[in-house]
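*Asks:*
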Amino acid sequence: MEKIIELKHISKSFDGETVLDDISLDIHDNEFLTLLGPSGCGKTTTLRMIGGFEHPDQGDVVFMGKRINDEPPHKRNVNTVFQKYALFPHLSVFENVAFPLRERKVPKKEIEEKVNEMLKTVMMSAFANRRVTSLSGGQQQRVAIARALINHPKILLLDEPLGALDLKLRKDMQVELKKIQKSTGITFVFVTHDQEEALSMSDTIVVMSEGKIQQIGTPTEIYNEPVNAFVADFIGESNILDGVMLDDFRVKFAGHTFECLDKGFAKNEPVDVVVRPEDVDVVDPAEAELCGDVTSVTFLGVHNELIVDIAGFKWMIQTTDFVAEGAHIGIKLDPDAIHIMKKSKYSGMFGDYSTFSDEADELANVQDEEDAE
11 MEKIIELKHI SKSFDGETVL DDISLDIHDN EFLTLLGPSG CGKTTTLRMI GGFEHPDQGD
71 VVFMGKRIND EPPHKRNVNT VFQKYALFPH LSVFENVAFP LRERKVPKKE IEEKVNEMLK
131 TVMMSAFANR RVTSLSGGQQ QRVAIARALI NHPKILLLDE PLGALDLKLR KDMQVELKKI
191 QKSTGITFVF VTHDQEEALS MSDTIVVMSE GKIQQIGTPT EIYNEPVNAF VADFIGESNI
251 LDGVMLDDFR VKFAGHTFEC LDKGFAKNEP VDVVVRPEDV DVVDPAEAEL CGDVTSVTFL
311 GVHNELIVDI AGFKWMIQTT DFVAEGAHIG IKLDPDAIHI MKKSKYSGMF GDYSTFSDEA
371 DELANVQDEE DAE
């Protein structure tokens with residue numbers, strides 16, 4: 011695929027704080043690429059860099075082979091849809107979408123044809139004469155997207171556009187955005203902190219943390235083969251344990267040796283071991299190498315979510331079987347359930363389900379310190 015945007019060694023600081031730290035990224039024609047990460051990771055600044063709303067302190071932004079660091083937003087073949095759609099409340103749906111064409115003095119007949127075509131694409135033809143103030147949030151978003159696409163930009167930037175929508179509408183719009191991207195052939199660059207949005211819509215996911223790109227890959231690659239503990243924890247649920255790679259295809263963790271599918275590590279190299287909750291089989295303790303006590307059970311409709319204490323480490327296990335709280339169970343791990351990662355700066359920071367958030371961990375640590383005084 012043809013490269014449209016190249017970010018080359020981009021760095022950016024605000025008030026002495028580094029927001030982007032030497033990132034490089036290629037964005038291709040007809041690609042749905044998602045910048046994913048927590049608040050403050052640099053994803054929105056990256057988006058604004060592409061759009062021309064921010065300029066790099068170091069590095070280059072290259073568009074179709076041309077350096078565009080100093081080009082203002084209106085001279086870039088790029089449009090942006092923000093979380094706040096910035097529609098004109100006094101204009102109809104038709105006129106909101108037509109506005110960019112009228113600014114360019116496009117002939118009236120051509121405007122009518124293009125706007126009607128675009129409204130059809132976003133399924134808003136029946137609302138053409140309505141005021142945008144009478145529309146729902148999802149309908150307003152469709153209008154904002156239609157207006158952004160009417161000039162057929164090479165790239166559409168979307169900065170958390172689904173954040174204000176309710177859950178069901180958000181899911182509907184995930185499907186619609188992907189359809190619109192495929193039907194128009196325009197490259198979409200989408201910013202979100204929501205892993206489900208990223209996994210369901212993207213061709214490529216760029217996981218970011220602390221101003222750096224942690225991993226670039228397809229949704230399947232990112233989920234099944236995370237490169238470090240941050241990615242494994244941020245994308246889905248993960249049990250992350252300390253391990254030692256004894257040899258190719260053999261790893262020791264939780265006091266036992268297991269067969270795995272990984273190789274290429276040094277003999278006896280310390281590693282991080284990832285086991286996804288859905289890949290764990292609950293078995294009779296007599297049949298298992300690892301056994302523990304179920305400390306909580308949460309019914310989630312499709313499956314039950316168990317927290318299981320195994321030698322002091324709290325595992326999350328997802329199973330369709332009913333398991334009672336307080337039960338003593340065994341767990342079985344097949345080789346393909348185990349993924350090995352190299353140690354990183356994030357090792358030891360994630361993976362135990364004593365709590366479900368960093369904030370809860372911090373509060374617990376403060377309470378422990380107070381109790382000790």
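Here the sequence shown stands for residues 11 to 383, numbered as in our numbering.
C-beta atoms are modelled at their ideal positions from N, C-alpha and C, and glycine is treated no differently.
Given the structure is predicted, the values throughout are model-derived calculations rather than measurements.
Taking the C-alpha atoms as reference points, what is the distance between Ile33 and Leu17?
*Replies:* For Ile33 and Leu17, the distance between alpha carbons rounds to 7 Å.
*Asks:* Could you tell me the alpha carbon to alpha carbon distance between Ile250 and Ser102, rounded to whole angstroms?
*Replies:* Rounded to whole angstroms, Ile250 to Ser102 spans 53 Å at the Cα level.
*Asks:* Less than 8 Å between the CB atoms is what I'm expecting for Gly253 and Asp282, so what's the real figure, rounded?
*Replies:* Rounded, the Cβ-Cβ distance is 7 Å, consistent with contact.
*Asks:* Could you have a look at Asp282 and say whether DSSP puts it in helix, strand or coil?
*Replies:* In the structure shown, Asp282 sits in a strand (DSSP, three-state: E or B).
*Asks:* Do three or more CB pairs link the segment 269-282 to the segment 296-315 at distances below 8 Å?
*Replies:* Result no; under three Cβ-Cβ pairs closer than 8 Å.
*Asks:* Within 10 Å of its beta-carbon, does Gln184 have 16 or more other beta-carbons around it, so buried, or fewer, so exposed?
*Replies:* Under this definition Gln184 is a buried residue.
*Asks:* Could you say which of Leu159, Asn314, Phe98 lies nearest to Glu127 if we only look at CA atoms?
*Replies:* Measuring from the Cα of Glu127, the nearest candidate turns out to be Leu159.
*Asks:* Leaving out five residues on either side along the sequence, give the residues of the same chain with a beta carbon under 8 Å from the beta carbon of Gly227.
*Replies:* Counting only Cβ-Cβ distances below 8 Å, and skipping sequence neighbours, we find Thr214, Ile215, Glu235.
*Asks:* If Met218 sits next to Leu46, beta carbons under 8 Å apart, how far is it from one beta carbon to the other, in whole angstroms?
*Replies:* Going by Cβ atoms, the distance from Met218 to Leu46 rounds to 7 Å, so yes, they are a contact pair.
*Asks:* Could you give the uninterrupted runs of the alpha helix (DSSP H) lying entirely in the segment 149-197, keeping only those of 4 residues or more?
*Replies:* Listed in chain order, they are 177-194.
*Asks:* Tell me whether the segment 86-97 and the segment 149-158 touch, counting them as touching only if at least three CB pairs, one residue from each stretch, are closer than 8 Å.
*Replies:* Yes, the segment 86-97 touches the segment 149-158.
*Asks:* Taking DSSP as the reference, what is the three-state secondary structure of Glu120?
*Replies:* Looking at Glu120 - three-state DSSP - the assignment turns out to be helix.
*Asks:* To the nearest angstrom, how far is the alpha carbon of Gly52 from that of Val72?
*Replies:* So the alpha carbons of these two residues sit roughly 19 Å apart.
*Asks:* To the nearest angstrom, report how far apart Ala264 and Glu206 are at their CA atoms.
*Replies:* The alpha-carbon atoms of Ala264 and Glu206 are separated by roughly 30 Å.
*Asks:* By DSSP, does Thr228 sit in helix, in strand, or in coil?
*Replies:* Here Thr228 sits in coil by DSSP.
*Asks:* Please say whether Ile165 and Val88 have beta carbons closer to each other than 8 Å?
*Replies:* The answer is yes: Cβ separation under 8 Å.
*Asks:* Give every residue of the same chain whose Cβ lies closer than 7 Å to the Cβ of Ser23, excluding the five residues on either side of it in the sequence, and list them in chain order.
*Replies:* Around Ser23: Val29, Asp67.
*Asks:* Less than 8 Å separating the beta-carbons of Ile327 and Val292?
*Replies:* Yes.
*Asks:* Mind checking Val312: buried by the 16 CB within 10 Å criterion, or exposed?
*Replies:* Flag for Val312 reads exposed.
*Asks:* Write down every uninterrupted run of the beta strand (DSSP E) in the segment 78-117 whose length is 3 residues or greater and which is fully enclosed by it, in chain order.
*Replies:* Entirely contained in the segment 78-117, the beta strand (DSSP E) runs reaching 3 residues are, in chain order, 88-91.
*Asks:* May I ask which residues mark the beginning and end of the alpha helix (DSSP H) holding Leu209?
*Replies:* First-last of the alpha helix (DSSP H) with Leu209: 205-211.
*Asks:* Relative to the alpha-carbon of Thr365, which residue among Leu316, Thr90, Met134, Lys355 has its alpha-carbon at the smallest distance?
*Replies:* The residue with the shortest Cα to Cα distance from Thr365 is Leu316.
*Asks:* Look at the alpha carbon of Phe240 and the alpha carbon of His203, and state the distance between them as a whole number of angstroms.
*Replies:* Using only the alpha carbons, I get a separation of about 14 Å.
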